[in-house]
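Chemist: Those protein sequence lines, which keep their order, are chains A and Z. In terms of the numbering used here, the first sequence opens at residue 6 and continues consecutively. In terms of the numbering used here, the second sequence opens at residue 112 and continues consecutively. We put the CB at the ideal spot given by N, CA and C, even for glycine.
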Amino acid sequence: SAVISQKPSRDICQRGTSLTIQCQVDSQVTMMFWYRQQPGQSLTLIATANQGSEATYESGFVIDKFPISRPNLTFSTLTVSNMSPEDSSIYLCSVEDPRTLYGYTFGSGTRLTVV
Amino acid sequence: AQTVTQSQPEMSVQEAETVTLSCTYDTSENNYYLFWYKQPPSRQMILVIRQEAYKQQNATENRFSVNFQKAAKSFSLKISDSQLGDTAMYFCAFVVGLTSYDKVIFGPGTSLSVIP
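1) Just the chain Z side, please: which residues come within less than 8 Å of S23 (chain A) by C-beta, in chain order?
2) For the segment 116-130 of chain Z against the segment 146-162 of chain Z, are there 3 or more C-beta pairs whose distance is under 8 Å?
3) Per the contact definition of three or more C-beta pairs closer than 8 Å, is the segment 10-17 of chain A in contact with the segment 61-81 of chain A?
4) Nearest to G220 (chain Z) by alpha carbon, out of Z:Y136, Z:K166, Z:A112, Z:E126?
5) Based on Cα-Cα distance, which residue from A:Q27, A:T35, A:S113 lies nearest to T53 (chain A)?
6) I need the straight-line Cα distance from I56 (chain A) to S123 (chain Z), nearest angstrom please.
7) Under 9 Å between C-beta atoms, does S121 (chain A) make it to chain Z?
8) How would you call I226 (chain Z), buried or exposed, if buried means at least 16 neighbouring beta carbons within 10 angstroms?
9) Residues of chain Z with CB under 8 Å from G65 (chain A), in chain order?
10) Confirm, please, whether the CB-CB distance from V206 (chain Z) to Y143 (chain Z) is below 9 Å.
11) Look up M122 (chain Z) in the DSSP assignment and give the residues it is bridged to.
12) Of the residues Z:N173, Z:T129, Z:A112, which one's Cα is nearest the Cα of L223 (chain Z)?
13) Would you mind sorting Y58 (chain A) into buried or exposed? The rule is 16 or more other CB atoms within 10 Å of its CB.
14) Suppose you measure from the CA of F217 (chain Z) to the CA of C134 (chain Z); what does that come to, to the nearest Å?
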């Protein structure tokens with residue numbers, strides 16, 4: 006299956022600051038997905054990132070708060086901007102795995118704590 | 112609306128025993144894919160098993176098998192010979208369509224504990 010390297014694995018940030026999370030895939034993929042997993046909760050899709058175009062955001066998520074870059078077919082970043090304690094979550098990137106038909110592979114996640 | 116329901120927030124099973132996790136979903140589509148994902152404390156999401164809705168035969172992967180009832184929109188996961196390493200959150204999920212533009216819908220999860 007595809008291998009995704011997600012960085013950082015965890016961080017503790019001050020409120021009002023921003024954090025950029027990176028995901029690098031070992032193969033070219035059309036779409037990359039960014040999820041938020043709040044403590045004890047399931048995964049919620051933040052946005053879908055297609056190379057060469059603006060990301061598509063889900064209801065409740067806006068570009069100013071969660072800007073996404075997708076400069077090529079193997080890399081994407083998610084920035085959590087102007088953070089507050091409510092942003093404390095695990096953030097995960099995911100791709101539709103080209104080597105596992107309709108299986109989605111996930112990065113190892115970034116555990117963000119905002120203080 | 113497309114939804115996934117997992118009615119068992121927590122379950123436990125003795126090591127080497129069998130346990131079944133339930134999942135129901137709602138969609139008006141006919142073609143879709145169903146998944147079970149495992150998330151251990153390391154938080155890595157691991158694909159356990161996948162089922163194509165157009166296939167009547169239930170998927171199996173070693174100790175993991177599913178009972179797929181399309182008419183009832185039910186997709187349960189059976190874990191046989193449970194091992195301590197099976198302790199994790201288990202998420203049922205599905206995706207509609209045949210393109211890369213479809214998002215995965217996740218259920219709320221079932222926390223499984225395997226007891227030695």
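Modeler: In this structure, then:
1) Correct list: empty, because the minimum Cβ distance to chain Z is about 22 Å.
2) no
3) no
4) Z:Y136
5) A:T35
6) Residue 56 (chain A) is actually Gln in this sequence, not Ile. Taking the straight line joining both Cα atoms gives about 43 Å.
7) Nothing in the structure corresponds to residue 121 (chain A), since chain A is present only between 6 and 120.
8) exposed
9) Correct list: empty, because the minimum Cβ distance to chain Z is about 14 Å.
10) yes
11) Z:L223
12) Z:T129
13) The sequence as given places Ser at residue 58 (chain A); Tyr does not occur at that position. That one is exposed.
14) 11 Å
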